[in-house]
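Heads up, the thing below is written out as C-alpha cells.
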Amino acid sequence: MRICSLASGSRGNSLFIESENARILVDAGLSALQIKNRLQSIDIDPCTIDAIILTHSHRDHVSGTDVFSHQFQVPIYGHPDTLDSLTYMFKRNQKIIPWTGEFIIEDMIITPFRVSHDAFPTVGYRISAREKTMAVCTDLGVVTEEVEQNLKKAHFLVIESNHDPDMLMNGPYPWELKERIASRVGHLSNHDTGAFLKKILNGRMNKILLAHLSEENNLAELAKNTVIDYLGSQHELMIDIIEQRKVSVMHEF
Ligand SMILES: [Zn+2]
Ligand SMILES: [Zn+2]
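Positions in the sequence shown are counted from 1; adding 6 to them yields the numbering used here.
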C-alpha cells in the first residue's frame with residue numbers, strides 16, 4: 007500500500023491511499039483545484055481516483071468533495087446520515103454511495119468504526135488490501151474500545167495529535183472553543199495520543215503519522231517529542247508528522 011497526506015489540519019484534510027487495484031481519498035476538505043494540484047505533484051492523475059470516502063461532515067473534511075467528484079467522476083462514500091447532512095452541497099448528480107458497514111472498493115476492504123466527535127456520526131476507517139492494513143482516525147475527543155480494537159490491527163496508522171493542552175489553554179481561542187476542543191467530542195491532545203499509542207503499540211506496527219495538528223495550539227516537534235516520550239526513543243523513526251500546508255512524502259508499506 008502507498009499513503010500520502012495531501013493536507014492535514016483544521017483548514018483541510020485529504021489522504022491519498024493506494025493498493026494494487028484501487029486509489030481512494032479519505033476526505034476531500036481542500037478545494038477541488040488544490041486536491042488536483044496536490045495529486046499531480048505526486049504524479050497521480052485525479053481521473054484515476056476510484057472513490058472519496060468521508061469521515062464526517064465538518065467543512066475541513068468535505069469542502070472540495072462536490073466539485074472534485076463532479077470534475078473527475080469520483081463516487082462519494084459515507085455513512086448515510088453524513089451524506090444526508092451534505093445534500094445541500096451535492097448538486098451535480100454525483101454517485102453518492104451510503105455504506106451500511108464494511109464495504110469493498112476493488113481489492114480494498116474498508117471497515118468504518120465510530121469515533122466520539124461533535125459531528126454525528128463521525129467515523130474512522132480501517133482499510134486492508136492483500137494482508138496489509140492501515141487505519142485512519144482523526145477528529146475524536148476520546149479513544150473508545152471500538153477505536154482501540156480497530157487501530158491495534160493496523161500496520162500503518164494515521165492518528166490525530168491535535169493540541170498541546172497548555173498551548174490550548176493559554177492560547178488565543180475563546181473559552182467555549184477551548185472547552186469544545188478538550189471535550190470528549192473534540193480532539194485528542196498530544197498526551198492522549200502518546201498514552202494511547204503506548205498502550206496499543208505492537209510488533210506489527212511499522213509507521214505512525216501524527217495528524218490534524220492545530221496550527222495555533224501545537225508545534226510539529228512538540229507533538230512528535232511528546233509522543234516519543236511515551237513510546238521510548240527506540241520508536242522515533244516510526245513517527246512522522248503530516249502537515250496542513252505540505253504534501254507528505256509517499257509512504258509505502
Ligand atoms: Zn477536522
Ligand atoms: Zn471534525
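Backbone N, C-alpha and C fix where the C-beta goes; we use that ideal spot for every residue, glycine too. Just so we're clear, the structure is a prediction, and the values are computed from it rather than from any experiment.
Q: Enumerate in chain order the residues of its own chain whose CB-to-CB distance from Gly177 is below 7 Å, with the five nearest sequence positions on each side excluded.
A: Counting only Cβ-Cβ distances below 7 Å, and skipping sequence neighbours, we find Glu222, Asn223.
**Q.** Host alpha helix (DSSP H) of Glu154 (start-end)
**A.** Residues 151-157.
Q. How long is the line joining the alpha carbons of Asp66 and Arg136, rounded to whole angstroms?
A. Asp66 and Arg136: Cα-Cα distance of roughly 31 Å.
Q: Give a single yes or no on whether Asp145 has its beta carbon closer than 8 Å to a heavy atom of ligand 2.
A: Yes, since a heavy atom of ligand 2 falls inside the 8 Å radius drawn around the Cβ of Asp145.
Q: Count the other CB atoms, across all protein chains shown, that sit within 10 Å of the CB of Phe74; report buried if there are 16 or more and exposed otherwise.
A: So Phe74 counts as buried.
Q | Three-way DSSP call (helix, strand, coil) for Phe22 in this model | A | DSSP, read as helix, strand or coil, puts Phe22 in strand.
Q.
Suppose the cutoff is 6 Å on Cβ atoms and the five residues either side in sequence are ignored; what does the same chain contact list for Ile133 look like?
A. Listed in chain order, the non-local C-beta contacts of Ile133 below 6 Å within the same chain comprise Met114, Ile116, Met140, local neighbours out to five positions each way being set aside.
**Q.** Every unbroken beta strand (DSSP E) inside the region 95-125 [3 residues or more]
**A.** Listed in chain order, the complete beta strand (DSSP E) runs (minimum 3 residues) inside the region 95-125 are 102-104, 109-111, 114-121.
Q: Please name the residue or residues paired with Glu166 in a DSSP beta bridge.
A: DSSP, once it has assigned bridges, lists Ala217 as partnering Glu166.
Q. Where Leu12 and Trp181 are concerned, what is the direct C-alpha to C-alpha distance, given to the nearest angstrom?
A. C-alpha separation (whole angstroms): 31 Å.
(Q) Rounded to whole angstroms, what is the Cα-Cα separation between Arg17 and Ile111? (A) Cα to Cα, the separation comes out at about 28 Å.
Q. For ligand 2, any of its heavy atoms closer than 8 Å to the Cβ of Asp51?
A. No.
(Q) Below 8 Å, is the gap between the Cβ of Ser47 and the nearest heavy atom of ligand 1? (A) Relative to ligand 1, even the nearest heavy atom lies 8 Å or more away from the CB of Ser47.
Q: State the Cα-Cα distance for the pair Val80 and Glu152, rounded to the nearest angstrom.
A: Roughly 30 Å separates the two Cα atoms.
Q: Taking only the alpha-carbon atoms, compute the straight-line gap between Asp145 and Asn19 and give it to the nearest angstrom.
A: One alpha carbon belongs to Asp145, the other to Asn19, and they sit about 11 Å apart.
Q) Do Ile187 and Ser239 have their C-beta atoms closer together than 9 Å? A) Contact flag unset, no.
Q. Which value, in whole angstroms, describes the spacing of the CA atoms of Ile58 and His161?
A. About 22 Å.
Q. What's the C-alpha gap between Ala38 and Lys252?
A. Taking the straight line from one Cα to the other gives about 16 Å.
Q. Would you report the Cα separation of Asp56 and Glu108, rounded to the nearest angstrom?
A. In this structure, the straight-line span from the alpha carbon of Asp56 to that of Glu108 is close to 17 Å.
Q.
Given this structure, state the Cα-to-Cα distance separating His197 from Asn231, to the nearest angstrom.
A. Between His197 and Asn231, the C-alpha separation is close to 10 Å.
Q) Who are the near neighbours of Val149 in its chain, counting only those whose CB is closer than 6 Å to its CB and skipping five residues on each side? A) Within the same chain, Phe202 come within 6 Å of Val149 by CB-CB distance, once the 5 residues on both sides are set aside.
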